[in-house]
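First comes the structure, then the notes that go with it.
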Amino acid sequence: MVEAEHEEFPIYLFTSEDGLDEYEYEGLVEVTGARYENESSEDRMKYKFDLQKLGLATWDEYLAIATEVEEGPEEPLTEEPEREDTSRLTRSAAFKRKVRSAYNESCAVCGSERRSPTGNPEIEASHIYPKSEGGRDVVSNGIGLCKLHHWAFDAGWFAISDDNEVIVGYSDEVPTPDGVLEFEGHKIELPSEEGKSPSELFLREHRKLHGFE
1 MVEAEHEEFP IYLFTSEDGL DEYEYEGLVE VTGARYENES SEDRMKYKFD LQKLGLATWD
61 EYLAIATEVE EGPEEPLTEE PEREDTSRLT RSAAFKRKVR SAYNESCAVC GSERRSPTGN
121 PEIEASHIYP KSEGGRDVVS NGIGLCKLHH WAFDAGWFAI SDDNEVIVGY SDEVPTPDGV
181 LEFEGHKIEL PSEEGKSPSE LFLREHRKLH GFE
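Numbering follows the UniProt record's numbering, in which position 95 of the sequence shown is assigned residue number 95; successive positions increment by one, without gaps.
Shown next, in the form of structure tokens:
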């Protein structure tokens with residue numbers, strides 16, 4: 001289960017009450033966090049996992065939604081409201097996995113491949129046109145970034161040109177953060193698989209949103 005944060009395979013949740021030899025099936029879940037901690041009562045280390053129910057009963061349901069995330073068309077810019085409600089958690093989970101995989105679990109800007117002690121990658125799946133604005137969960141609206149560059153991209157400290165070059169933003173109030181300015185004009189690393197690179201539509205709308213054009 002440690003690998004489930006970034007690998008794609010089914011995890012089914014069954015629950016039971018103490019003292020009862022009966023189990024209730026609660027559907028598919030996503031592992032959202034894993035920790036290796038000391039269990040003081042038994043004086044030994046154990047893995048602990050954070051789980052999110054997806055509201056799906058079968059793996060086939062998940063795969064159908066994941067395919068839409070991976071192969072979905074570039075347009076429209078935003079998600080349809082009814083789809084936002086019915087499959088939001090599953091699409092979000094699939095988006096994270098598909099984007100991180102497309103970028104080989106490394107940052108498209110700086111190339112960072114840092115990992116936690118349990119082996120989980122630092123890489124995050126950033127929406128190009130943000131989710132807060134209705135941005136869609138499709139791989140062409142995603143980019144793999146380390147925590148610093150994910151924050152800086154969302155904050156508008158840099159954008160990406162149609163030629164996939166870093167454009168750095170400036171402020172009269174505060175200095176440009178360390179780790180951003182040095183990449184001005186650099187080309188980002190793109191996915192090797194066709195159809196998974198950032199869409200010009202989403203890149204352009206991100207630039208407009210943050211005042212780059």
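The C-beta atom is built at its ideal place from N, Cα and C for all residues, glycine as well.
C-beta neighbour in chain C for residue i, strict 8 Å
| i | result |
| --- | --- |
| residue 206 | Among the chains of the structure shown, chain C does not appear; only one protein chain is present. |
Rounded distance between the beta-carbons of residue j and residue i, thought under 8 Å
| i | j | result |
| --- | --- | --- |
| residue 53 | residue 26 | 6 Å |
| residue 114 | residue 122 | 4 Å |
| residue 212 | residue 110 | Contact flag wrong, Cβ pair sits at about 20 Å. |
| residue 69 | residue 154 | The pair is not a contact, with the Cβ atoms about 20 Å apart (cut-off 8 Å). |
| residue 14 | residue 24 | 7 Å |
Straight-line Cα distance separating residue j from residue i
| i | j | result |
| --- | --- | --- |
| residue 119 | residue 175 | 34 Å |
| residue 140 | residue 60 | 23 Å |
| residue 172 | residue 135 | 29 Å |
| residue 163 | residue 31 | 36 Å |
| residue 45 | residue 38 | 4 Å |
| residue 192 | residue 50 | 32 Å |
| residue 200 | residue 97 | 22 Å |
| residue 108 | residue 12 | 33 Å |
| residue 112 | residue 149 | 10 Å |
| residue 190 | residue 106 | 11 Å |
| residue 196 | residue 18 | 47 Å |
| residue 78 | residue 55 | 23 Å |
| residue 76 | residue 156 | 22 Å |
| residue 94 | residue 170 | 34 Å |
First through last residue of the alpha helix (DSSP H) which encompasses residue i
| i | result |
| --- | --- |
| residue 178 | Element bounds for residue 178: n/a, residue is neither H nor E. |
| residue 64 | 59-71 |
| residue 153 | 147-155 |
| residue 101 | 88-102 |
| residue 205 | 200-209 |
Spatial neighbours of residue i in its chain, beta-carbon cut-off 7 Å, leaving aside the 5 residues before and after
| i | result |
| --- | --- |
| residue 152 | 158, 177 and 180 |
| residue 161 | 167 |
| residue 22 | 16 |
| residue 217 | This structure cannot speak to residue 217, because the chain is shown only from 1 to 213. |
| residue 74 | 140, 199 and 201 |
| residue 194 | none |
Unbroken beta strand (DSSP E) run spanning residue i, endpoints
| i | result |
| --- | --- |
| residue 115 | Element bounds for residue 115: n/a, residue is neither H nor E. |
| residue 14 | 12-15 |
| residue 124 | 124-127 |
| residue 160 | 158-160 |
| residue 47 | 44-53 |
| residue 166 | 166-168 |
Cβ shell of residue i (< 8 Å), same chain only, five flanking positions each side left out
| i | result |
| --- | --- |
| residue 58 | 28 |
| residue 165 | 185, 186, 187 and 188 |
| residue 133 | 78 and 209 |
| residue 116 | 122 |
6 Å CB neighbourhood of residue i in its chain, flanking five on each side removed
| i | result |
| --- | --- |
| residue 72 | 138 |
| residue 35 | 48 |
Does the contact criterion of 3 or more C-beta pairs under 8 Å hold for the region 137-148 versus the region 96-111?
yes
Okay, do the region 197-210 and the region 123-141 touch, 3+ Cβ pairs below 8 Å being the bar?
yes
Does the count of Cβ pairs from the region 88-96 and the region 60-72 closer than 8 Å reach three?
yes
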